[in-house]
Amino acid sequence: MKMRQLGALCLLTLAALASARPKAGPEQKCKSGPVDLVFLIDSSRSVRPHEFETMRKFMIDILSTLDIGLNATRVGVVQYSSQLRNEFSLKTHAKLDAMVKGINEIIPLAQGTMTGLAIKYIMDSAFIAEEGDRPQVPNVAVIVTDGRPQDRVAEVAAEAREKGIEIYAVGVARADMASLRAMASPPFEDHVFLVESFDLIHQFGLQFQDKLCGMDLCLESDHGCEHICESSPGSFHCLCLPGYTLNEDGKTCAAIDLCAQGKHDCEHICVSSPGSFTCNCNKGYKLNDDKKTCSMIDYCSFGNHSCDHECVSVLNGYHCRCNQGYRLLDDGKTCQDMDMCNTVEHGCEHQCVSTLGSYYCICPEGQLLQEDGKSCGTCKSANIDLVLLIDGSKSVRPQNFELVKKFVNQVVDSLDVSAHGTRVGLVQYSSRVRTEFPLNMYHTAEEIKAAVMKVDYMEKGTMTGLALKHMLENSFLESEGARPSSRNIPRIGLVFTDGRSQDDITEYAKKAKEAGITMYAVGVGKAVEDELREIASEPQEKHFYYTTDFTAISNIAENLKLNVCPEESQGEIEVKDPCACESLVEFQQATMSNLEQLTQKLSGMTARLEQLENQLLSRK
Numbered sequence: 005m006k007m008r009q010l011g012a013l014c015l016l017t018l019a020a021l022a023s024a025r026p027k028a029g030p031e032q033k034c035k036s037g038p039v040d041l042v043f044l045i046d047s048s049r050s051v052r053p054h055e056f057e058t059m060r061k062f063m064i065d066i067l068s069t070l071d072i073g074l075n076a077t078r079v080g081v082v083q084y085s086s087q088l089r090n091e092f093s094l095k096t097h098a099k100l101d102a103m104v105k106g107i108n109e110i111i112p113l114a115q116g117t118m119t120g121l122a123i124k125y126i127m128d129s130a131f132i133a134e135e136g137d138r139p140q141v142p143n144v145a146v147i148v149t150d151g152r153p154q155d156r157v158a159e160v161a162a163e164a165r166e167k168g169i170e171i172y173a174v175g176v177a178r179a180d181m182a183s184l185r186a187m188a189s190p191p192f193e194d195h196v197f198l199v200e201s202f203d204l205i206h207q208f209g210l211q212f213q214d215k216l217c218g219m220d221l222c223l224e225s226d227h228g229c230e231h232i233c234e235s236s237p238g239s240f241h242c243l244c245l246p247g248y249t250l251n252e253d254g255k256t257c258a259a260i261d262l263c264a265q266g267k268h269d270c271e272h273i274c275v276s277s278p279g280s281f282t283c284n285c286n287k288g289y290k291l292n293d294d295k296k297t298c299s300m301i302d303y304c305s306f307g308n309h310s311c312d313h314e315c316v317s318v319l320n321g322y323h324c325r326c327n328q329g330y331r332l333l334d335d336g337k338t339c340q341d342m343d344m345c346n347t348v349e350h351g352c353e354h355q356c357v358s359t360l361g362s363y364y365c366i367c368p369e370g371q372l373l374q375e376d377g378k379s380c381g382t383c384k385s386a387n388i389d390l391v392l393l394i395d396g397s398k399s400v401r402p403q404n405f406e407l408v409k410k411f412v413n414q415v416v417d418s419l420d421v422s423a424h425g426t427r428v429g430l431v432q433y434s435s436r437v438r439t440e441f442p443l444n445m446y447h448t449a450e451e452i453k454a455a456v457m458k459v460d461y462m463e464k465g466t467m468t469g470l471a472l473k474h475m476l477e478n479s480f481l482e483s484e485g486a487r488p489s490s491r492n493i494p495r496i497g498l499v500f501t502d503g504r505s506q507d508d509i510t511e512y513a514k515k516a517k518e519a520g521i522t523m524y525a526v527g528v529g530k531a532v533e534d535e536l537r538e539i540a541s542e543p544q545e546k547h548f549y550y551t552t553d554f555t556a557i558s559n560i561a562e563n564l565k566l567n568v569c570p571e572e573s574q575g576e577i578e579v580k581d582p583c584a585c586e587s588l589v590e591f592q593q594a595t596m597s598n599l600e601q602l603t604q605k606l607s608g609m610t611a612r613l614e615q616l617e618n619q620l621l622s623r624k
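The numbering of the sequence shown is this note's numbering, which starts it at 5 and goes up by one.
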């Protein structure tokens with residue numbers, strides 16, 4: 005009974021379509037936009053032959069109202085049961101007659117009802133470019149079935165819809181409504197049909213054709229799209245011009261502000277335009293060739309600054325600057341030579357001499373400019389590395405050791421102590437050797453003198469040779485503060501002792517002098533003259549000193565100062581001080597010699613006068 009009902013209904017469909025529409029001629033064809041349409045028809049064994057014929061005619065009647073063609077509506081047909089058969093694809097036929105012939109030649113499969121398998125097939129194999137599917141053309145599938153699917157359809161149908169396939173589900177007689185709704189696209193009232201009466205078939209035929217062949221809503225309705233309306237079968241959607249994005253209302257458009265979104269690489273200012281941007285620069289800057297980064301405008305490069313000496317570009321302008329030794333006049337452009345001696349605190353002790361942009365100090369005749377470039381003196385201070393080796397043996401005794409420390413401080417007072425001038429190190433020795441402080445520990449005379457007075461007396465033996473070895477191997481290392489030998493800073497060792505050494509001094513006294521160390525030897529009391537001379541550098545009369553009493557060592561310190569002082573810091577020139585002790589001695593000796601010669605001459609003249617006087621008396 006139900007099969008007969010299905011056949012009757014399908015026959016009624018044909019009648020309805022024929023009565024509802026005028027016969028389709030070329031001028032009455034549906035002029036919808038392009039559509040790719042695939043019919044998926046159930047040919048399971050439950051569909052009897054005359055019922056299948058009804059479905060066949062149903063498809064033909066629908067197609068007869070469409071504008072068929074490769075550039076209009078393309079149609080494909082797939083039948084399914086437990087198997088699938090692609091009767092013809094979207095690219096197979098370009099004319100209605102060929103499609104009708106293909107539909108009439110379909111032979112039903114007459115097996116099960118694998119609807120899910122069929123949907124997956126059209127998704128993966130029918131709506132593809134190789135089979136004639138066109139990009140940007142709506143995909144529509146019409147599924148006609150008479151029963152409940154024997155496989156799962158919800159998941160695969162959802163996947164097909166997500167890929168953009170619009171699905172119409174047409175159930176005949178025994179079809180399951182829940183399954184139809186699981187397959188169809190929303191809204192269900194437009195896409196789900198259960199054909200049980202003539203009216204429903206008639207409704208589906210008309211509504212489906214209206215969907216495909218309805219009016220162009222973009223042209224014939226108030227669509228409300230701000231920029232672009234794009235029609236689709238039975239519907240439309242709004243689009244925006246490039247550089248704009250569609251708002252949530254689906255109709256109006258908003259400019260895409262790339263600047264606000266931070267999607268730019270302008271260094272200073274981003275100027276937005278819809279979907280694009282340009283870069284600009286802050287005031288006083290110009291845009292570089294890359295149109296993104298900025299450089300400060302060089303106003304001096306324009307060549308119209310009129311600066312007397314130098315033009316200096318600044319943000320939004322420039323200013324003039326004078327060379328050293330000149331000052332800028334009130335006009336802001338002209339420069340005038342400055343008398344530096346009258347302009348700055350020059351600090352010259354005697355006289356300041358101005359030069360172009362600078363000055364220098366000079367001293368009166370007979371005096372030398374000191375290392376500070378400002379003060380004057382009869383002796384130019386030397387830059388030296390001085391290591392003093394002081395005897396701390398038991399024979400010195402505590403009270404005399406204090407005099408030795410004062411002797412050391414007298415020597416320090418005569419030197420220009422600083423990090424860049426003279427450096428002083430101190431070593432004490434007895435039976436062993438101890439560095440009291442290295443060359444790089446103190447940088448002022450006050451610091452050194454304070455450290456000297458804190459030195460503790462060692463007592464015990466007199467190992468002068470061991471002390472010389474320590475000085476040579478340790479005290480003049482760069483790590484201990486000695487300047488590199490390449491700088492020609494003189495290295496001086498001063499040995500102070502009060503007795504004979506208990507070890508051999510010959511080897512290391514010789515090695516020290518061979519290493520370029522100028523050695524001074526100062527002896528007191530029981531010190532052995534031969535040992536002192538062996539330690540001292542040549543000429544020995546300048547580097548060897550001796551006194552019998554500790555109380556007289558202060559005089560040695562004065563003489564020692566005069567010998568160290570004249571040496572230039574590079575150790576190449578010796579400047580003699582006319583007031584130095586040695587010079588005075590030489591002057592005294594020369595004066596005495598001249599006086600003796602003068603006395604002899606006066607004696608001779610006196611004798612001659614007496615002789616002449618006697619001769620005159622005898623003639624009378």
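All C-beta atoms, glycine included, are put in the ideal place defined by N, C-alpha and C.
What are the start and end residues of the alpha helix (DSSP H) that includes Ile169?
-> It is not in any alpha helix (DSSP H) - Ile169 instead sits in the beta strand (DSSP E) that spans Ile169 to Val176.
Within the same chain, show all residues whose beta-carbon is closer than 6 angstroms to that of Tyr364, passing over the 5 residues directly before and after it, in chain order.
-> Exclusion of the five residues before and after Tyr364 leaves Val357 as the residues of its chain whose Cβ lies within less than 6 angstroms of its Cβ.
Determine the DSSP secondary structure at Lys546, reduced to helix, strand or coil.
-> helix
Going by beta carbon distance, what residues of the same chain come within less than 6 angstroms of Phe480, once the five residues before and after it are set aside?
-> Ala486 and Arg495
Are there 16 or more other CB atoms within 10 angstroms of the CB of Pro442, so buried, or fewer, so exposed?
-> buried
Are the beta-carbon atoms belonging to Val157 and Ala130 less than 8 angstroms from one another?
-> no
CB of Ile509 within 8 angstroms of CB of Ile539, strictly | For Ile509 and Ile539, yes; Cβs fall inside 8 angstroms.
Do Tyr549 and Ala531 come within 8 angstroms of each other at the CB atom, strictly closer than that value?
-> no
Check each candidate in Ser85, His547 and Lys514 and name the one with the smallest Cα separation from Gly527.
-> His547
For Cys367, three-class secondary structure by DSSP | Looking at Cys367 - three-state DSSP - the assignment turns out to be coil, as it is neither helix nor strand.
Would you list the one or two residues that DSSP bridges to Cys324?
-> Cys315
How long is the line joining the alpha carbons of Thr282 and Ala133, rounded to whole angstroms?
-> Those two C-alpha atoms are separated by around 41 angstroms.
Close Cβ partners of Leu113 (< 8 angstroms) along its chain, the five nearest in sequence each way excluded | Ser47, Ser48, Gln83, Tyr84, Ser85, Ser86, Gln87 and Arg89
Straight-line CA distance for Pro402 to Asp395?
-> Straight through space, the alpha carbons of Asp395 and Pro402 are spaced by roughly 12 angstroms.
For Glu406 and Lys580, the rounded distance between their alpha carbons | Unreliable placement is indicated for Lys580, whose pLDDT of 41 sits below 50; the coordinate value is still reported in the next sentence. Roughly 32 angstroms separates the two Cα atoms.
Which same chain residues, not among the five before or five after Gly351, have their C-beta less than 7 angstroms away from its C-beta?
-> Lys378
Which word fits Ala20, buried or exposed, when buried means at least 16 other C-beta atoms lie within 10 angstroms of its C-beta?
-> Low local confidence applies: a pLDDT of 37 at Ala20 is under 50, so the model's placement there is unreliable, with the coordinate-based value given in what follows. So Ala20 ends up on the buried side.
Give the straight-line distance between the Cα atoms of Met523 and Lys514, rounded to the nearest whole angstrom.
-> So the two alpha carbons sit approximately 10 angstroms from each other.
Spell out a yes or no on whether the segment 135-149 and the segment 99-114 are touching, meaning 3 or more CB-CB pairs, one atom from each, closer than 8 angstroms.
-> no
Closer than 8 angstroms by C-beta to Val275: which residues in its own chain qualify, once you throw out the five before and the five after it? Chain order, please.
-> Cys263, Phe281, Thr282, Cys283 and Asn284
Identify every residue that forms a DSSP beta bridge with Cys283.
-> Cys283 is bridged to Cys274.
Which residues share a DSSP beta bridge with Asn492?
-> Per DSSP, none; premise fails for Asn492.
Going straight from the alpha carbon of Asp302 to that of Pro246, what length do you get?
-> 40 angstroms
Under 8 angstroms, do Pro472 and Tyr446 count as touching if we go by C-beta distance?
-> For the record, residue 472 in the displayed sequence is Leu; it is not Pro. Cβ atoms of Leu472 and Tyr446: not closer than 8 angstroms.
Report the option in Leu70, Pro139 and Lys61 whose CA atom is closest to the CA atom of Asn108.
-> Answer by Cα proximity: Lys61.
Is Leu390 buried or exposed, if buried means 16 or more other CB atoms sit within 10 Å of its CB?
-> buried
C-beta contact flag for Tyr330 and Asp341 at 8 angstroms = yes
Which first and last residues belong to the beta strand (DSSP E) in which Val82 is found?
-> Residues Thr77 to Tyr84.
Quick one: residues in its chain with C-beta nearer than 6 angstroms to the C-beta of Thr610, no 5 flanking neighbours on either side, listed in chain order?
-> The answer is none, since no qualifying residue turns up.
Boundaries of the beta strand (DSSP E) in which Glu535 is found, first to last residue = Note, Glu535: premise wrong, no beta strand (DSSP E); alpha helix (DSSP H) at Glu533 to Ile539.
Apart from the five residues on each side of it in sequence, which residues of its chain come closer than 6 angstroms, Cβ to Cβ, to Arg438?
-> Gln432, listed in sequence order.
Determine the DSSP secondary structure at Gln115, reduced to helix, strand or coil.
-> coil
With a 10 Å radius around its C-beta and 16 neighbouring C-beta atoms as the bar for buried, classify His474 as buried or exposed.
-> buried
In the DSSP assignment, what residue or residues form a beta bridge with Gly497?
-> Val391 and Met523
Out of curiosity, what's the CA-to-CA distance linking His195 and Ile273?
-> 54 angstroms
In chain order, what residues of the same chain have a beta carbon less than 6 angstroms from the beta carbon of Phe554, not counting five sequence neighbours either side?
-> Asn404, Leu407 and Val528
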